[in-house]
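In what follows, a structure is listed as structure tokens, so that the remarks can point back to it.
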Amino acid sequence: MALSRSARAGVLATAAASFLLIAAAPAPTPGAPGIGDPYFPELGNGGFDALHYDLDLAYAPDTGRLDGRTTLTARATQNLSSFDLDLQQLEITRIEVNGRNARFSRDGAEVTVTPRGPLARNRRFTVRVTYGGVPQPLTGPIVFGSEYGWMKTPDGVFVACEPNAASTWFPSSDHPSDKATYDIRIKAPKGLTAVSNRRLVSTRDRGGSTYTHWRESEPMATYLATATIGKFDVRTGRTPGGIPIYVAVDPVLKNSNKVDVYAVTAEATDYWSKLFGPYPFEETGAIVDDMPEAGFSLEVQSKPAYSAVRSETTIVHELAHQWFGDSVSVAQWKDVWLNEGFATYAQWLWAEHRGTRTAHDAFLADYASYPADSHFWQTKVADPQRDTMFAGAVYDRGAMTLQVLRERIGDKAFFRLLPAWTRLHRHGNADTADFIRLAERISGQQLGDLFDTWLFTTGKSAL
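Structure follows, in structure tokens:
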């Protein structure tokens, strides 16, 4: 087919315009090695938005070895020449980008991946990492001096990763501001149960192994993912309000716990759904493992993980996190009072619900228990610093802030504020300034002095 002179001119004009557009596009550059969180500058990664993780894991409890293949689907947020992933300790054998082998290098926990060609801004891409080794938990002052992350147990592993330990067992953008959905497939020895997030898709035995597939279809922060493996007695059903429930309890603890985990989980999930807004996930539940060395519990998304059940209030605290921390997640770790202060205040609300003590009385008792010269009052709640981000003041003074707010704006506005907050930022991220703005808008009051006194100022606040 021959082109006319005018047609040839049009083709040339189009080609010239295309060339100018290409020339004007920013040159591909490396993504940043972290999102810039002041507490963990290299956590998370710049240049892309994580969308979905597909984890294929095989764990051998006798040796502690984990073999994994993680496929991350992401969207480039700039023209990328290379990008980073977070992975600690484990050995990488292969990385592919869009199905083609890619070069990579490591500097500590930072893995720099260089694909064969640049990745265009706003385009989706996949990166598949094949890796293995013996994961090690993290230690240090952050989590009460306890180990955390991938923790070996006598019959498997207890996985609880807040704030920065998800990258001890899968390559990721390991920061709560970069949420994604998940498919988690786990191979474990037959006779053990592998429990992960949200919904059990399938389980089957083949040879001497059990293959389990879990799916989390709502956005989830990396630290809330789990792959806890062990011997468990599992009970399933629905809460009285109709929410599916899955509770796995280590049989070693079956007769040693005075708390009915299933019953409290069901009751608290339904009650918080009335107070905080609709339950944000498809399933509720619990993982109760015989892991006293951990010394803490964690609000794993859809199934809080308990190293041992200490009390009913522990359960209601972790379930409140499903709204405050899991669905509405912090934008930066300095805002962690939005998680822990709210969950602690939920314990006071639970006591009101039970008729044992008002939140007002809980506030007064807590306030009086710390003298003015106590170190407790020296923590700036809205910026507690990395190594003390889980200090008692973040929990208790955070809860005090909410009670002072409640008494300032009144119950009607306060109990409109809580579900409004979870609705506005559902499955997203928010910070302290966002909460202050919403509180002022709903109450119609200027509240800067209140929050400045209770969140941003050290020293014992006057009543």
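In short: position in the sequence shown from 1, add 6, done, that's the working numbering. We put the CB at the ideal spot given by N, CA and C, even for glycine. Note that the structure is a prediction, hence the values are computed from the model and not measured.
**Request:** Counting only the same chain and skipping the five closest in sequence on each side, list residues whose C-beta sits under 7 Å from that of Lys158.
**Result:** Gly70
**Prompt:** By DSSP, does Lys418 sit in helix, in strand, or in coil?
**Reply:** helix
**Prompt:** Between which two residues does the beta strand (DSSP E) harbouring Asp62 extend?
**Reply:** 54-66
**Inter-residue spacing [alpha-carbon to alpha-carbon] between Ile28 and Asp211** = Low per-residue confidence applies at Ile28: pLDDT is 44, beneath 50, and the placement is therefore not dependable, though the value from the model is reported in the following sentence. Looking at the two C-alpha atoms, the distance is approximately 53 Å.
**Beta-carbon proximity of Arg122 to Asn107, cut-off 9 Å** = Taking 9 Å as the Cβ cut-off, Arg122 and Asn107 qualify as a contacting pair.
**Prompt:** Thinking just about the alpha-carbon of each residue, which of Pro147, Trp175, Thr120, Cys167 is nearest to the one in Gly138?
**Reply:** Trp175
**Request:** Check whether the stretch 295-309 touches the stretch 452-460, taking contact to mean three or more Cβ pairs, one atom from each stretch, closer than 8 Å.
**Result:** no
**Item:** Cβ shell of Arg429 (< 6 Å), same chain only, five flanking positions each side left out
**Value:** Leaving aside the five residues that flank Arg429 on each side, the residues in its chain whose CB is nearer than 6 Å to its CB run, in chain order, Gly283.
**Asked** Using 9 Å as the limit for Cβ to Cβ distance, is Leu144 near chain C?
**Response** The structure shown has no chain C; it contains just one protein chain.
**Prompt:** Taking just the CA atoms, how far does Gly361 sit from Leu484?
**Reply:** For the chain, the structure presents residues 7 to 469; residue 484 sits outside this window and is missing.
**Prompt:** Would you call Asn51 buried or exposed, if buried means 16 or more other Cβ atoms sit within 10 Å of its Cβ?
**Reply:** buried
**Message:** Please state the DSSP three-state secondary structure of Ala231.
**Reply:** coil
**Message:** Considering only the alpha carbon of each residue, which of Leu355, Phe150, Gln94 lies closest to Glu116?
**Reply:** That would be Gln94, whose Cα lies nearest to the Cα of Glu116.
**Prompt:** Among residues of its own chain, excluding the 5 on either side of Val140, which ones have a beta-carbon nearer than 6 Å to its beta-carbon?
**Reply:** Gly70, Arg71
**Message:** If contacts are defined as beta-carbon pairs under 8 Å, then Trp329 and Trp278 qualify, I think. What distance do you get, rounded to the angstrom?
**Reply:** 7 Å
**Request:** Measuring alpha carbon to alpha carbon, tell me which of Gln409, Glu413, Arg127, Ala445 ends up nearest Pro425.
**Result:** Ala445
**Request:** Grab me the residues of Leu304's own chain with a C-beta within less than 6 Å of its C-beta, minus the 5 sequence neighbours each way, in chain order.
**Result:** Ala166, Glu168, Ala311
**Cβ shell of Leu125 (< 6 Å), same chain only, five flanking positions each side left out** = Ala82, Leu86, Phe131
**Item:** Burial state of Ala172, where buried means 16 or more other Cβ atoms lie within 10 Å
**Value:** buried
**Prompt:** How is the alpha helix (DSSP H) around Ser449 delimited, first residue to last?
**Reply:** 438-449
**Asked** So, are the CB atoms of Glu299 and Ser152 less than 9 Å apart?
**Response** yes
**Message:** When you compare the CB positions of Ser2 and Ala337, do they come within less than 9 Å of one another, or not?
**Reply:** It is not possible to answer for residue 2, since the shown part of the chain is limited to 7 through 469.
**Request:** Please check the pair Asn203 and Ala231, which I expect to be a contact at CB under 8 Å, by giving their CB distance rounded to whole angstroms.
**Result:** 6 Å
**Per DSSP, cross-strand counterpart(s) of Glu97** = Glu97 pairs with Gly138.
**Request:** Taking the CB atoms as reference points, tell me whether Ser317 and Val265 lie closer together than 9 Å.
**Result:** Yes, these two residues count as a Cβ contact at 9 Å.
**Message:** Taking the straight line between their C-alpha atoms, what separation do you get for Asp379 and Phe420?
**Reply:** Rounded to the nearest angstrom, the two C-alpha atoms are 31 Å apart.
**Message:** Rounded to the nearest angstrom, what separates His433 and Gly114 at their Cα positions?
**Reply:** Between His433 and Gly114, the C-alpha separation is close to 31 Å.
**Message:** Just to confirm my understanding: we take Leu206, look at its own chain, exclude 5 residues before and 5 after, and list those with CB closer than 8 Å. What are they?
**Reply:** So the qualifying residues of the chain are Thr218, His219, Trp220, Tyr252.
**Prompt:** Is His545 helix, strand or coil when you go by DSSP?
**Reply:** Given a span of 7 to 469 for the chain in the structure shown, any question on residue 545 remains unanswerable.
**Message:** Can you give me the C-alpha to C-alpha distance between Glu97 and Ala374, rounded to a whole angstrom?
**Reply:** One Cα belongs to Glu97, the other to Ala374, and the distance between them is close to 52 Å.
**Asked** Would you call the stretch 242-251 and the stretch 187-203 touching, i.e. three or more CB-CB distances under 8 Å?
**Response** no
**Item:** Alpha-carbon spacing of Tyr4 relative to Asp295, whole angstroms
**Value:** Summary: the structure shown does not reach residue 4, with the chain confined to residues 7 through 469, and so no result is reported for it.
**Item:** Leu411, buried or exposed, once every other Cβ within 10 Å from all chains shown has been counted against 16
**Value:** buried
**Asked** Taking the C-alpha atoms as reference points, what is the distance between Asp332 and Leu456?
**Response** 26 Å
**Prompt:** For Asp372, which residues from the same chain have a beta carbon less than 7 Å from its beta carbon, with the 5 sequence-adjacent residues on both sides left out?
**Reply:** Asp402, Met406
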